[in-house]
Each structure stands twice: as C-alpha cells, then as structure tokens.
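Undergrad: If you scroll down you'll find the structure; I have some questions about it.
Residue numbers (this note's numbering), protein chains in the order written: chain A, 1239 to 1642; chain B, 1239 to 1642; chain C, 1239 to 1642.
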C-alpha cells in the first residue's frame, strides 16, 4: 500500500467506526470556542506515546479571537487554525519543524483582512501556514475574470470554520480526526461547503487532509483547489532536491525559464531571487496515486506529499528561495490547477466543473522522512511510479503573460 | 383603519406610554450582548398567548459573534439580527414561514464581508433575510457615481446596531417593541443615524417596522431607502399572484420586457430563469397609505405589506423564480427608489434629499393573511385604493442599461 | 531643556529604570483584554495628584470589542485605543478638551472598516481621534502608486495593537507609560513593527508619544509617518492662531492659495469652507527640536506640539474650519511627508527609506498651555528657534494636482 492508499483505508475505517470514537464538539453555532484539553491518560488510553488535543484562543493585534487546535500525537505536534480555513499552521517532530518563517507573525483573523486590498493581494497579509487551503471558487493570481476581480488564491484560507469536532477512535491505533466545515456561499454566485478533516495517529510522523467539496447548488459550477504546502529549513537548503514522477514540467513565466535546467534543485537563501515557479504534470500509478518529495542536500531528511491525480491532476513547485527574512520557503502545491489567474486556466482545461449536488474529494498525505532510509524509500516509490516513462520539459510557459 | 393607520396609532401610543413599559437594555456601549430570556409569565402577564423574548449569540464560521433576538409573541415567532442592521431574519406562524431559503446559510457577521468585493456585490455573501434594510446613503446596483463605487444596496444591512433595547407595554395589548440604532457615519461623507423599531403584539400575526432616519449633519444630503422584503413558499408558487394598486409599471430591464404581460403572476421554480424585476409606482389613499399583497394560487394564503407612499413612493417587484437551490424567492420592496444605480435614479427624481438635522420616517407593516377571507379582505382594500384609476403599463425600461 | 529634550531624557530614564517599575500586561497573545483598574492608592503612592489607569471594552455597533485605556494622571485624563493603532482618542484637563467632535461617534473596530472602500477613503469611517497614527508603509491621499491603490493615510490607525503593557515607575515622578505593538506585515510586501509608547507623569498637563518603527525585513523599504493631531474648541475659534518657526510654507492645492495670506489665522465655523492645507517646512534648533503652537484668539489658552525635524522633517497644517457638525477641526501634523499621494512625494524627496533591520524613532510631545504665561513662553521658544531666519512663502503648490 502506498501512503495514500493507507489514508483512504484509514478514512473509510474512521467513518465506519464512528460509533466507537470519543467525540467532542469544539465549536458550533451554539457553542463558543473555549479552552479545551484532553489527554490519552484522561481517556484511559495506555500508550507508549501519550497524546493530547488542546483548543486555545489568541488575543491582541490582528489575531484577536483566532482559535488554534494543537494536536500532540505523541510524536508529532500539529497546530490547526479553525478561524483560518482549518489551515495547518505548523507541524513538528522533536526539533524538526514542517512549515516556515513568514514575515507575517500573527495568525491573522480574516475579519482584519481585505482580500480585495493591494490590488487583490490582501491574502498576503495572513499567509504564514504550513498548509494553506486555496480555492474553491477559484485559485491563482489576482486579475479580472468575467468582469470580477479574483483575489489571490480564493477565499478558503480566510473562511472561519464552523462545526469543529474532534474524534478519537476508541480502539488502537486511536486515530485522531479533527473536522471543520467551511461555507463558501454567496447568493447567485456560489454555494459550496467544504467538509475538512485532518487525521493522524498516535506516534505517527504523518498526517492527512481529507476534504470534501460539495456544490449544494442546483447548477454546475466551476471550481479550483490548490493545497499550498510550504516548507523551509531544515528540508530546504542549498542543494536540497525536489523529486516526483514527472510527465511534463514547464516554467510558470519568463523568469522561471532561466533556471529551468536546475528546476529540481534548490538554492540557498539568495538575495533578490524572489521566486520561480514550475508547472508540473505528475505521473501516477494505476490507481492515480502519486508522491512528491522534498529532501535536504544529504538526502537524510525530507518530507513526502502524496495525493491522487484523479482528484488533483497538476502540481506547482514554488521556489521562493529569497532571504530568510523575506521568507525562505518552497511550496509543494497539488491542485486541480496551476497558479495562473482563472481566465488563463480555462483554455488549459484546468478549470473543472462540479455538478449540482455533487461532491469532490481531495486527500493529501504529509509525512516526515526522518532519515536516509525513509527518504530513499520514498524516492524508490517515485521511481517506481515514473517507471521509465519520459519527462517532457517544455521550454516556454504554458501561458503568455507578457501582456500582463 | 387600514393596517398602516393602526401601526401609526400604535406607535404613537407606545411612545406616549413609555413610562408604563418594562424596559430592558440588551446591548449598549458598556453592556455586552449576553444570553437573555424573558417570558410573559415572569412578568406576571396572564394571557391566552404567552410570549417571550430571547437573546442568543451565534458561533463558528462567518457567523461568529452574531446576536439574534427571538420574539415569540404567542402566535408569530420572529428573529431579528442586531449585528446585521436589525434585519428581520425570519418570521413564522405555526408551520407557515415568512422568509426564504437562501444559499447563504450562515447569518454572516459584517466583519467577514467585503462589500467592495466581487465588483461591489459583496453584499450577496450575507443576503438571506426576510427583511433586509437597504440604504441609507444609497441603494441599487453597484456602479460608479461621483467617482465612487457604490456597492449593492448600501451599507445598512451590514451595520451592527448599538443601544438595542426591548420594551413591553405593561398594559394590554402588551405591545412588544425592539429598538436598535444604526450609525452610518464617515467624516466629510455622511452623518446618518437610523433609529429602528420592530413592533408586534402578543397573539398578532403582524409586525411593523418603524424606522427614523436622521441626518445629524449640517448639510442637506441625498439619501435612499429600500426595504427588501423576501418571501418564498408557501406563498410563492406557480400561479401565485402579486396585487397592488398600480399607477405605473415598467420592466426594470430588457429581460423583464419579455414577461411584462404576466408581471403579476409567478412561475414555479424555473431552471435558468434568474430574475425579472418590475418598477411599480403605486396608488395610495388620501393619506398616502397603500397595500401590496402576495398570495398563493388558490388565494388561500398570503402576506400583505403596507406602507405610505409619502415615505416610500415607489416599489420594486423582484421575481427570482429560479430553482429552489438557487433561491426561489420574490422581493416586495417599498422604497424611495428603484434598484438602479444611484446615478440613473437622479434623473428620475428618485434620489431625495434630507435636510440638515431633519428626520424621515419609514413605516412598513407585514401581515400574514392566514386564510381566503384574509386574502380577500386585503385584495378588496387594494381595489378600494385603486378605485378604478388607470394603470399605465410602460413597455420599455425607465433606464437604458444597454450601455452597461 | 526644551520640552522634547525632557521627553528624550525621560524616555531614556524609563527604559533604564525598568526594573523599578510596576508592570502590567493588559493584553497579550494568551491574555484577553479584561476590565482592569489600578490607582495610585492601591500602589501605596501618596501623591497630591492621585492617578489611575483603567481598561474597558466597548460594545454594540461598529465599536464591538474595542478596548480603551483611560489614564487619569491626576491633572489630565487621556484615552488610548489599543484596537485602533494605540491612537489617542482624547485628552482633557478639567473642562478643557484636546480633541474634536467628529461626525464619527463610535470608536470603530477596524474589523468593520474597508479601507479600500469609497475609492480608498474608507479610513474616514473611523476618523475621530485627537492623535491618529498615519503610516507606516505610506501616508497621504488615496491613489495609485506602483500599480496599487494606496488608501488614505495608510493602515496604522486600523491595526489593533498586541502586547499592550502598562508601566508605572516606582519612584517620583512615577512616570506612567503605556506601550503596544503594531505589526504591519504582508508577505513579500512589508515587514514593519511599531513599538508605540505614550508617557505622562502624574500631575502633568503633557503627554508624549515615543514610537519606534522597525523594518524587520532583509531589504530597505520606503516608509512614511504622519501624526494627525487634531484640535477644536476651545483652542480653535475665529482669530485663533498657529505659530511655528517656519522655513517654508506653501499651499497644498489651488484652493489653499486663496487663503495663503492668512494661513496662520483661523476662521470660525464657516459653511461650505471644507478645508485648506498648508505644507510647512519648520526650522529647528541645533538639536533638530522644534515647536508648534495653536492658541485661541486671546492667546490665553493653547496647545504645543513639539517634535524633532531629524525624525519628522515636515509638517502639514490642516484647517478644516467648516461647521461644527461637519467637524470643526485643525490638524497639526508632523511627518516625514506631506499629505500628497506617495507617488507625488517621491520627487519631493519625502519618501524616506528604512534600511533592513533598522529602526526609526518618532517622538512628539503634546502640552496644554493653560494660561497666557504658558502660551507666551512657547511662542518665545518658537521665536528663539526662528531666530530671525527668513520664511519663504511659496505662492504655488509643490505638486500640480490639476490633472487629478
């Protein structure tokens, strides 16, 4: 079983075993977010890796009223932000941190953000997470489409979740699931809901997202999804590598053309580098599962991001290897779409439609690769998926942005 | 006495009898909204129709922190939203619901809405009420006027109320009044306050709005008001009818021209119908009072909306008979103005001026017509107001929108 | 020592003596703003001028959740708004009020303001303070610069502060300091923090602001600062005067040209006057310190605003002598810049740069001049700084706005 296959199995199990789980409502229409703390000991679970879940609320500044759920599964510590689209703020295993250091230090309450500010770049005032949900009405760079300014990467990251619930299986391996619902609704415009789920297991160095987008409306609707998954040191460094089974890669824009030859290798923090982005079409196995890896230069530490190309057929590699202070970070971004404005992606066939009353699932699994053996195993899986198939390296961008 | 006449009388009585009422401050500068519940029994009122008033606060999602006041007058249950301009979310008598099913399911805190988003259509992200206040600096479709983007239907619906107070007369019929103040203020731009009041009586199937707009500034100011009053099933259905004493009717735009012959009859939920809007100039009686009715096909169930044409001289009939999921709804909308952008209404004489330190009153009465007798009685009143006077059916829109 | 010199000395003393102060955290990430009250008596301080500090929170309307810190130093009462950029809402000594009566009556929570609304004038929906911080990414009138709409006077006034702390020296004169930090951060755009401080002393009729802007980023950044300090009656009246050591004065725009001859004298409330603005380049002493004064016609009551021209080299005099209801007010505005849009100030050399990891200090001292002797003393100081040097009166604006 690939990691993603495991996830699917786990997810099915979780749903089936719902009656055998400890369930907690952390936030609901009639229940305010209040300090909450539960431990495996309190549940009577005897485990080598004691776990706990905590809800806390931030105060002051633009983070006033933001709720955070901290999950310590005994091996990995995760922080999820219900107030910001159930985004994953950070995860860590011991001193190894998944995530990055954004100049944005506060966990910003969407009440204080104007997405339409800065010419549609207001989203940047809150961007600092390990996993930032982008979508679901649109993703991509700001710009006009159908007479409307589409703001950067859509609204999902700035929609506060309702009905936030915690579920802990009563039987080993005591899977821990945190769920929350996002409503992306506007009369005549959109009627989406997104049932988000984060799942992990005590002692695991992995977690999975398991999102279900539903079009509650009576009409088919365009949608887009992109999981902006952001990593920095200790994975990212000069000579760090990205690996994936690649069917096609192309530079996002003219700037990215220059570094195309080295697109899978990272620079150290580089003054005035800004960013380069590569559009990747990954290969997958016969089930559609694929795997991407970021690892350090020595190949002794990495992260794996697994997803299914039937759900998320394309992938953006965002190489923001500017200075530490500017945000030294790379984004591994499985999506339905690249990061162009929606009007550019329609001709590319990357603006899918969700039928009325239909649902779409998006499942992504994040794993720490804690040593060389783990890195090598994932690289072998990637090689197995590639299976000798050719990679097309397109020398020019898919979209001509020179008129922008 | 017409229903509206009754309202005016009642309102005067309420004001005069203030010293003989139970008064409660639900929300004020130094008083946070907290759970509150009062019943007729607690007040020692012995009545065949026990009544109660409740304040509650919603949590989670984009409705975090929204206060709701539920009034159960013993016959009708009403929900008012102080956080959203004292809008009336819904009303119901038994299983008969006044209101509609918007795709917007949350009662959205204005903190999470950018009215300037979606090209000025951000308002649609919160629109789901039975009565949504529109105004008072402007109403109408978004567009530029005097170099400024006027957002859809103004700010009123997204202004949280302060000084929310409840008053229950100590003597029969124990009139229940809920008041709240909206401040629509911007340095150099506008200095309006709106004293809103909702009045009902125990056992009644009516309620009235009684708003006073005051220009606190030293200069005359343009203003506009529109009461977006929205109904769906069981009143709205195929063959449902709208009735009013009509002096002039015209299609809002070219689309509405096509259905002009049937403008007073409704379709059932109709795929791809979207909406048609008709501009109505109603006749009134010698006091300026007029009445409009929506009733089902059988004429056995309806709602009446009464107002005074000296306060609100025009009326829009919004026929949004699209599918249920898209929002099957009709709006009965008394106003100072139609729903065109303000720049189009100035030449029509529909952008009135409020003098410095002057006040304007807007009174609207909403009544359930629970059976055929009640419907017929209201239709007879309408006929009496029309009094044989002619209706001008204008074949073309008042405004040429073809350049839009 | 000039008043400003005293401030600097005091500030240094405060920092050094930190260990000898009573310190209170009023608001922090893990500490919600809660009602707080401390008095000199509780601290065991025996003083002829008992002092107190209070934290309270406003509710209802657009001021829901706004925190206010009231400092009564025994002679002067001050109100500071952590939720609005640590702005100084008002100050008063007995019945003499520093501040003004804006049409905006609520202390508006930034969550309810769209700065990008009204063509970039959304700021006006919250503007009512004695001292409103403008900056720090930009100040000035709204307009496009580098492809982005810069909203009126920047974001500072609408950034809620975090880490709000109170410090009271344990030894005479028991200086009272209130601090709070503003984060002005957006990925790729800006990484500023502003450590604000307000200092006063028991029994004093002065207070000082002591702000430190830090560019946390790795790149030099343009910045602008302007302290919009607003006064009305009893200082402002017909015949009231403005005094400063003036090197150069020019009308802001064509309208201000007309009144240039009388630019230092005020009108009474004047219907349809709107506003005139004068750009002032002040002289300073050899240390860069300068002083500006507004006083009533009789010269018996005034306010002094002292600052350092090495920090804030220019000054705007905003004469908004329209009617009382419209906001009869004058702004004394020391700044790095005038009030033009940033794109106009770059050619004037008024868009300074802050280096990476560098800090800039802004210190302004506000003093009540309670009688003729105090006014005369300050006017003498101004005269001493002018020291007979010439004033250039430029007849035309520095910027040609006729194309606007």
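The C-beta atom is built at its ideal place from N, Cα and C for all residues, glycine as well.
It should be emphasised that the depicted structure is a prediction, and the values quoted were computed from it without experimental measurement.
Step through the CB atoms of chain C and report whether any lies within less than 8 Å of the CB of residue 1640 of chain A.
TA: Chain C, which has no Cβ nearer than 8 Å to the Cβ of residue 1640 of chain A, makes this no.
Undergrad: Using only the alpha-carbon positions, how far apart do residue 1323 of chain B and residue 1417 of chain B sit?
TA: Distance between the alpha carbons of residue 1323 of chain B and residue 1417 of chain B: 11 Å.
Undergrad: Going by DSSP, name the residue or residues bridged to residue 1556 of chain C.
TA: Answer is C:1515, C:1569.
Undergrad: Residue 1579 of chain B and residue 1379 of chain B - do their beta-carbons sit closer together than 8 Å?
TA: The answer is yes: Cβ separation under 8 Å.
Undergrad: Who does residue 1374 of chain C pair with in a DSSP beta bridge?
TA: Looking at the DSSP assignment, residue 1374 of chain C forms a beta bridge with C:1462.
Undergrad: Starting from residue 1621 of chain B, trace the beta strand (DSSP E) in both directions and tell me its first and last residue.
TA: Note, residue 1621 of chain B: premise wrong, no beta strand (DSSP E); alpha helix (DSSP H) at 1610-1624.
Undergrad: Secondary structure at residue 1385 of chain B, three-state DSSP: helix, strand or coil?
TA: In the structure shown, residue 1385 of chain B sits in coil (DSSP, three-state: anything other than H, G, I, E or B).
Undergrad: In chain order, what residues of the same chain have a beta carbon less than 8 Å from the beta carbon of residue 1360 of chain C, not counting five sequence neighbours either side?
TA: Counting only Cβ-Cβ distances below 8 Å, and skipping sequence neighbours, we find 1351, 1352, 1353, 1354, 1389, 1390.
Undergrad: Closer than 8 Å, CB to CB, is residue 1267 of chain C near chain A or not?
TA: Chain A, which has a Cβ nearer than 8 Å to the Cβ of residue 1267 of chain C, makes this yes.
Undergrad: Taking buried to mean at least 16 other C-beta atoms within 10 Å of its own C-beta, is residue 1462 of chain B buried or exposed?
TA: With 16 or more other Cβ atoms within 10 Å, it is buried.
Undergrad: How long is the line joining the alpha carbons of residue 1427 of chain B and residue 1577 of chain B, rounded to whole angstroms?
TA: Spanning the two alpha carbons is a distance of roughly 22 Å.
Undergrad: Residue 1449 of chain B: buried (16+ other C-beta within 10 angstroms of its C-beta) or exposed?
TA: Result: buried.
Undergrad: Just curious, the beta strand (DSSP E) that residue 1494 of chain B is in, first and last residue?
TA: Segment 1492-1495 is the alpha helix (DSSP H) holding residue 1494 of chain B; no beta strand (DSSP E) there.
Undergrad: Please state the DSSP three-state secondary structure of residue 1411 of chain C.
TA: If DSSP states are grouped into helix, strand and coil, residue 1411 of chain C belongs with coil.
Undergrad: Go through its chain and collect everything with a Cβ distance to residue 1639 of chain A's Cβ below 7 Å, but skip five positions before and after it.
TA: The answer, listed in chain order, is 1491.
Undergrad: Where does residue 1253 of chain C sit, in a helix, a strand or coil, going by DSSP?
TA: Unreliable positioning characterises residue 1253 of chain C in this predicted model, as indicated by a pLDDT of 46, which lies under 50. A coordinate reading is not provided.
Undergrad: Using a Cβ cut-off of 9 Å, pull out every chain A residue sitting near residue 1297 of chain B, in sequence order please.
TA: Within 9 Å Cβ-Cβ: 1265, 1266, 1267, 1268, 1269, 1270, 1271, 1400.
Undergrad: Going by other Cβ atoms of all chains shown within 10 Å of its Cβ, with 16 needed for buried, is residue 1615 of chain B buried or exposed?
TA: Per the 10 Å Cβ criterion, exposed.
Undergrad: Can residue 1489 of chain C and residue 1521 of chain C be called in contact, C-beta distance under 8 Å?
TA: Not in contact: residue 1489 of chain C and residue 1521 of chain C (Cβ atoms no closer than 8 Å).
Undergrad: Decide if residue 1247 of chain A is buried, meaning its Cβ has at least 16 other Cβ atoms within 10 Å, or exposed.
TA: Low confidence applies here, because residue 1247 of chain A scores a pLDDT of 45, under 50, leaving its location unreliable; read the following figure in that light. Burial call: exposed.
Undergrad: Name the residues in the stretch 1317-1336 of chain A whose C-beta lies less than 9 Å from a C-beta of chain C; which are they?
TA: Flagged: no residues at all.
Undergrad: Would you give the residue range spanned by the alpha helix (DSSP H) that residue 1580 of chain A belongs to?
TA: Here the alpha helix (DSSP H) through residue 1580 of chain A covers 1580-1583.
Undergrad: Apart from the five residues on each side of it in sequence, which residues of its chain come closer than 6 Å, Cβ to Cβ, to residue 1196 of chain C?
TA: A query on residue 1196 of chain C cannot be resolved here, the shown segment of chain C reaching from 1239 to 1642 and no further.
Undergrad: Tell me the DSSP bridge mates of residue 1306 of chain A?
TA: Partner(s): A:1294.
Undergrad: Got a sec, what are the start and stop residues for the beta strand (DSSP E) residue 1264 of chain B sits in?
TA: Segment 1259-1265, the beta strand (DSSP E) holding residue 1264 of chain B.
Undergrad: Under the three-state reduction of DSSP, which class applies to residue 1601 of chain C: helix, strand or coil?
TA: Three-state result, residue 1601 of chain C: strand.
Undergrad: Suppose contacts are defined by Cβ-Cβ distances below 8 Å. Is residue 1543 of chain C in contact with residue 1602 of chain C by that definition?
TA: Yes, they are a contact pair.
Undergrad: For residue 1273 of chain C and residue 1269 of chain A, I'd like the C-alpha separation in whole angstroms.
TA: Cα-Cα distance, rounded: 24 Å.
Undergrad: Counting contacts by CB-CB distance shorter than 8 Å, is residue 1427 of chain B in contact with chain C?
TA: It does: the Cβ of residue 1427 of chain B has a partner Cβ on chain C nearer than 8 Å.
Undergrad: Can you check whether the CB of residue 1430 of chain B is closer than 8 Å to the CB of residue 1403 of chain B?
TA: For residue 1403 of chain B and residue 1430 of chain B, no; Cβs fall outside 8 Å.
Undergrad: Buried or exposed for residue 1536 of chain A, going by 16 or more other Cβ atoms inside 10 Å?
TA: It counts as exposed.
Undergrad: Rounded to a whole number of angstroms, what is the C-alpha to C-alpha distance between residue 1617 of chain A and residue 1555 of chain A?
TA: Taking the straight line joining both Cα atoms gives about 17 Å.
Undergrad: Keeping to the same chain, check which residues put their C-beta closer than 7 Å to that of residue 1493 of chain C; ignore five residues upstream and five downstream.
TA: Same-chain partners within the cutoff: 1514.
Undergrad: With a CB to CB cut of under 6 Å and the five nearest residues on each side skipped, what residues in its chain are close to residue 1423 of chain C?
TA: The residues are 1429.
Undergrad: Name the residues in the stretch 1407-1426 of chain B whose C-beta lies less than 7 Å from a C-beta of chain C; which are they?
TA: From the stretch 1407-1426 of chain B, only 1421, 1423, 1424, 1425, 1426 have a Cβ closer than 7 Å to chain C.
Undergrad: Candidates B:1561, B:1626, B:1631: which alpha carbon is nearest residue 1512 of chain B's?
TA: Measuring from the Cα of residue 1512 of chain B, the nearest candidate turns out to be B:1561.
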